[in-house]
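Colleague: Structure below; questions to follow.
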Amino acid sequence: MFRQTAIALTLTLLGSAQVHAINAKYAEQLERSGCTQVTEAQGCDIHKTKAENAKAGFGAAAPAADSGLNMSYAQKLERSGCTQVSELSGCDINKTQAENAAAGFGAAPAAASTSPYAGNWVATFPETGATVANIRIDDQDQVWVNDKQVSARKSDGALVFKEGMVTYTIQGDRRLKGEDGWVDNDAGTKGPIAAK
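Going by mature numbering (1 follows the signal peptide of the UniProt record, and there is no 0), the letters in the sequence shown line up with residues -21 to -1, 1 to 175, in that order.
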């Protein structure tokens, strides 16, 4: 019984000894350099100062004299209009807010329309490129097909409208390519719609 207790006590002590794996000197180097164990593995040098590592892109932002090339992550998010979630979806923190808005992330620039459908569109035959219809959509999603106003409805992120036997669909998410199109239910033909 004494032997089992001694073995259990030894194993317990060995298991708890690993909790204090970082020694005091190493912890001081991390503090002085502005590095963490993770950033050190990524190239942060624990033998340099916080300022030197900041210039290399680790830790706090670089001084203003560097023209913002080494901005902190939070500053890049602010400048780009991205969030951590939208960055995972493709928003580029190294681009401006206007560039990301044009790519469909964040708020659109002030001069841009509030509707993703607004603008002039042309429906064409895929084989010949001949025009099927000229489409105009305003900021309130009112639609004109060949200068005739038609009613429109939103369905699953797309604006859908009909003129005669032809049904037109324009996607609201401009990142989706090749999904704007028309279908003539009478003739059984279909084709693309492109922005002018």
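In this text, a Cβ means the ideal position worked out from N, Cα and C, and glycines have one as well.
Using C-beta distances below 7 Å, list every residue in its chain close to residue -18, excluding the 5 sequence neighbours before and after it, in chain order.
Modeller: The count along the sequence shown starts at 1 and reaches residue -18 at position 4. The answer is none, since no qualifying residue turns up.
Colleague: Check residue 150 in the structure and name its three-state DSSP category.
Modeller: Within the sequence shown, the letter at position 171 stands for residue 150. Reduced to three states, the DSSP call for residue 150 is strand.
Colleague: What's the gap between the Cα of residue 43 and the Cα of residue 96?
Modeller: Looking up residue 43 in the sequence shown gives position 64. Looking up residue 96 in the sequence shown gives position 117. Below a pLDDT of 50, predicted positions are generally treated as unreliable, and residue 43, at 44, falls in that range; no measurement from the model is reported.
Colleague: With 16 other CB atoms within 10 Å as the buried threshold, where does residue 174 fall?
Modeller: Counting from 1 along the sequence shown, the entry for residue 174 is found at position 195. When all chains shown are included, residue 174 counts as exposed.
Colleague: Pull up the DSSP beta-bridge partners for residue 128, would you.
Modeller: Numbered from its first residue, the sequence shown carries residue 128 at position 149. According to DSSP, residue 128 bridges with 123.
Colleague: Quick check on this structure: which residue in 58, 84, 18 has the alpha carbon closest to the alpha carbon of residue 69?
Modeller: For the purposes of this step, residue 69 is taken as the residue at position 90 of the sequence shown. Comparing Cα positions, the closest option is 84.
Colleague: Would you tell me roughly how many angstroms separate the C-alpha atoms of residue 121 and residue 61, rounded to the nearest one?
Modeller: Translated into positions along the sequence shown, residue 121 becomes position 142. Translated into positions along the sequence shown, residue 61 becomes position 82. Their backbone Cα atoms lie some 31 Å apart in a straight line.
Colleague: Beta carbon of residue 137, beta carbon of residue 148: below 8 Å?
Modeller: Stepping through the sequence shown from its first residue, residue 137 is reached at position 158. Stepping through the sequence shown from its first residue, residue 148 is reached at position 169. It is a contact, given that the beta carbons lie within the stated cut-off.
Colleague: Whose C-alpha, out of 135, 134, 133, 139, is nearest the C-alpha of residue 124?
Modeller: Residue 124 sits at position 145 when you count from the first residue of the sequence shown. Measuring from the Cα of residue 124, the nearest candidate turns out to be 139.
Colleague: Pop quiz: residue 129 and residue 161 are said to be a contact at Cβ under 8 Å. What is the actual Cβ separation, rounded to whole angstroms?
Modeller: The residue labelled residue 129 in the question sits at position 150 within the sequence shown. The residue labelled residue 161 in the question sits at position 182 within the sequence shown. The pair is not a contact, with the Cβ atoms about 13 Å apart (cut-off 8 Å).
Colleague: Determine the direct distance from the alpha carbon of residue 159 to that of residue 12, and round the result to whole angstroms.
Modeller: By 1-based counting over the sequence shown, the position of residue 12 is 33. By 1-based counting over the sequence shown, the position of residue 159 is 180. Going by the C-alpha atoms only, they are around 54 Å apart.
Colleague: Could you tell me the alpha carbon to alpha carbon distance between residue 132 and residue 118, rounded to whole angstroms?
Modeller: Counting from 1 along the sequence shown, the entry for residue 132 is found at position 153. Counting from 1 along the sequence shown, the entry for residue 118 is found at position 139. Distance between the alpha carbons of residue 132 and residue 118 is about 14 Å.
Colleague: For residue 79, is the classification buried or exposed, using 16 other Cβ atoms within 10 angstroms of its Cβ as the cut-off for buried?
Modeller: As a first step, residue 79 is located in the sequence shown; it is residue number 100 there, counting from the start. Classification of residue 79: buried, given that the 10 Å Cβ count is 16 or more.
Colleague: Could you check what DSSP says for residue 4 in three-state terms: helix, strand or coil?
Modeller: For this step, residue 4 is matched to residue 25 along the sequence shown. Helix.
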